[in-house]
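So for the sequence shown, the working numbering puts the first residue at 110; every next one is plus one.
By construction, the Cβ of each residue, glycine as well, lies at the ideal position given by its N, Cα and C atoms.
Worksheet for the structure shown next.
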Amino acid sequence: MSNDINRVILIGRLTRPPELKSTNSGAYFCRFSLASNRSIYNKQSGENRDEVGFFDCVAWGKGGEAIHKYLDKGRRICVEGSLRWSSWEGTDGKKQSKVEIHVEGFQFLDAKPQGEQVQESRRIDNARDESVSLDDIF
């Protein structure tokens, strides 16, 4: 048994509208990217500056559907999950890899703006037309 820990808790804002897709077997997953700021203090100058990190996230099932339905670019969310590394060979034959946060829990941090409607183009039903295989995910 291993004593390793792979746990991530991150608060940030969505950098683009979340994308909902489904696998050939009908399982839904939602891809989105978070921007998270951190303040860095420079001892020599006595100044703070912000640094932004960008993180790709994937949420599966009902959680992914909820993120897609209720969040949009710029909205704040807290996600909890684990880091997953994947690699593949690109169409140009070069090996590529990426690290994503696989979301296991989340909390919306912004109140829903008054009078906001879920756009028809973002409805979950439309995701059924965007089936992908698991090979397309990784």
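Please name the residue, chosen from the options, that lies closest to residue i on a Cα-to-Cα basis.
{"i": "A144", "options": "Y150, F164, K152 and G135", "result": "F164"}
{"i": "L192", "options": "S148, H211, T132 and W169", "result": "H211"}
{"i": "V117", "options": "L123, E209, P127 and P126", "result": "E209"}
{"i": "K248", "options": "G214, E156, Q205 and L123", "result": "Summary: the structure shown does not reach residue 248, with the chain confined to residues 110 through 247, and so no result is reported for it."}
{"i": "E160", "options": "E128, Y150 and K130", "result": "Y150"}
{"i": "W194", "options": "D201, V188 and Q205", "result": "Q205"}
{"i": "H177", "options": "S196, V188, R140 and D201", "result": "R140"}
{"i": "S131", "options": "A168, Q153 and L119", "result": "A168"}
{"i": "C166", "options": "E156, G155, F138 and N146", "result": "F138"}
{"i": "E189", "options": "G121, S111, D113 and N112", "result": "G121"}
According to DSSP, is residue i helix, strand or coil?
{"i": "N115", "result": "coil"}
{"i": "K171", "result": "helix"}
{"i": "K130", "result": "strand"}
{"i": "K203", "result": "coil"}
Exposed or buried, what is residue i when buried is set at 16 or more other beta-carbons lying within 10 Å of its beta-carbon?
{"i": "I186", "result": "buried"}
{"i": "D238", "result": "Its pLDDT being 42, under 50, D238 is placed unreliably by the model, and nothing is read from it."}
{"i": "L129", "result": "buried"}
{"i": "E156", "result": "exposed"}
{"i": "E174", "result": "buried"}
The beta strand (DSSP E) that contains residue i, what's its start and end?
{"i": "A144", "result": "Y137 to N151"}
{"i": "G190", "result": "R185 to E198"}
Any chance the segment 168-182 sits against the segment 117-137, with 3 or more Cβ pairs inside 8 Å?
yes
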